[in-house]
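Visitor:
Residue numbers (this note's numbering): 913 to 1111.
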C-alpha cells in the first residue's frame, strides 16, 4: 500500500513540475511566434512533450521506489504523516540511507534546476518580445496571460524546493506535514482560482 501510494504521488508530482515547464515553452511559442504557433506546436510535438513529462516522472519515481524497497527495516510501521513520502520513510529507516538521501537531493534539485531554467528562459524571451510590442493593450494581454502561470509556478516550485531540496528534509515532521498539505491540497484547490484571475 505505502509503496504504491508513494510511487503514484511521486510520479504525478514530478510530472506536474515538468508540465509547468512545458506550459512555459508553449506560452513562449504563442507569444513570440504567434503566426508559427500551429506549425511549431504540432500535435506530434505536443504528444512528445507530454509523454516526456510522464516519462521523467515515472523514471524518477521508479529510482526512488527501488531504493526505498531496498531498505531492510524500519523503526516503525506507523507514520506521523498524511501519506507515505520519501523523506519520512528515510527518517524511519534503521539502516544507513545516505545514498537514498543523496539521490533524493540530486534528483529533486536537478528536476527543479532543469524546469526552472526552461521556465526562466521562456519567460525571458517572452519579456523581451512583450517589451518590443508597440501596443499597450497587447502588452497587457501578454502579461495577463503569463501572470497566472507564473503564480502557479512560484507557489508549487517554492513548496517543493522547501520540502525536498533542504539538507534537513524529513527532520521537521510538523513542518513537512504543513508543506505536504500545501502542495497536495491547497495548490490544486488554488489553481483554478489562479488561472481564472486573468479573466
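We put the beta carbon where it would ideally sit given N, CA and C, even for glycine.
(1) Is residue 967 near the ligand ADP, judged by its Cβ being under 7 Å from some heavy atom?
(2) Let's see if you can read the secondary structure: which residues bound the alpha helix (DSSP H) around residue 1005?
(3) Keeping to the same chain, check which residues put their C-beta closer than 7 Å to that of residue 1063; ignore five residues upstream and five downstream.
(4) According to the neighbour-count rule (16 or more other Cβ atoms, all chains shown, within 10 Å of its Cβ), is residue 1069 buried or exposed?
(5) Between residue 1097 and chain B, is the shortest Cβ-Cβ distance under 8 Å, so that the two count as touching?
(6) Beta-carbon separation of residue 918 and residue 969 under 8 Å?
(7) Apart from the five residues just before and just after residue 1024, which ones in its own chain have a Cβ nearer than 7 Å to its Cβ?
(8) Where does residue 983 fall in DSSP's three states?
(9) Report the option in 939, 1002, 995 and 973 whose CA atom is closest to the CA atom of residue 984.
(10) If you check the beta carbons only, do residue 953 and residue 938 fall under 8 Å apart?
(11) With distances taken Cα to Cα, identify the nearest neighbour of residue 915 among 956, 934, 1104 and 1000.
Guide: Answer, in terms of the structure:
(1) The ligand ADP is not among the ligands present in this structure, which contains no ligands whatsoever.
(2) Within the chain shown, residue 1005 is the residue found at index 93, counting from 1. Looking at the DSSP string, residue 1005 is not in any alpha helix (DSSP H), and its letter there is neither H nor E.
(3) Here the question's residue 1063 lines up with position 151 in the chain shown. Here the set comprises 1106.
(4) Here residue 1069 corresponds to residue number 157 of the chain shown, with the count starting at 1. Residue 1069 comes out buried.
(5) The displayed structure is made up of one protein chain only, and chain B is not part of it.
(6) Here residue 918 is taken as the residue at index 6 of the chain shown, counted from 1. Here residue 969 is taken as the residue at index 57 of the chain shown, counted from 1. Result no, Cβ atoms of residue 918 and residue 969 do not sit closer than 8 Å.
(7) In the chain shown, the residue the question calls residue 1024 occupies position 112. Around residue 1024: 1069, 1072, 1073 and 1077.
(8) Counted from its first residue, the chain shown places residue 983 at position 71. Here residue 983 sits in coil by DSSP.
(9) The sequence position of residue 984 within the chain shown is 72, counting from 1. When each option's Cα is compared against that of residue 984, the closest is 1002.
(10) On the chain shown, position 41 is the one that residue 953 refers to. On the chain shown, position 26 is the one that residue 938 refers to. Taking 8 Å as the Cβ cut-off, residue 953 and residue 938 qualify as a contacting pair.
(11) The residue you call residue 915 lines up with position 3 of the chain shown. When each option's Cα is compared against that of residue 915, the closest is 1000.
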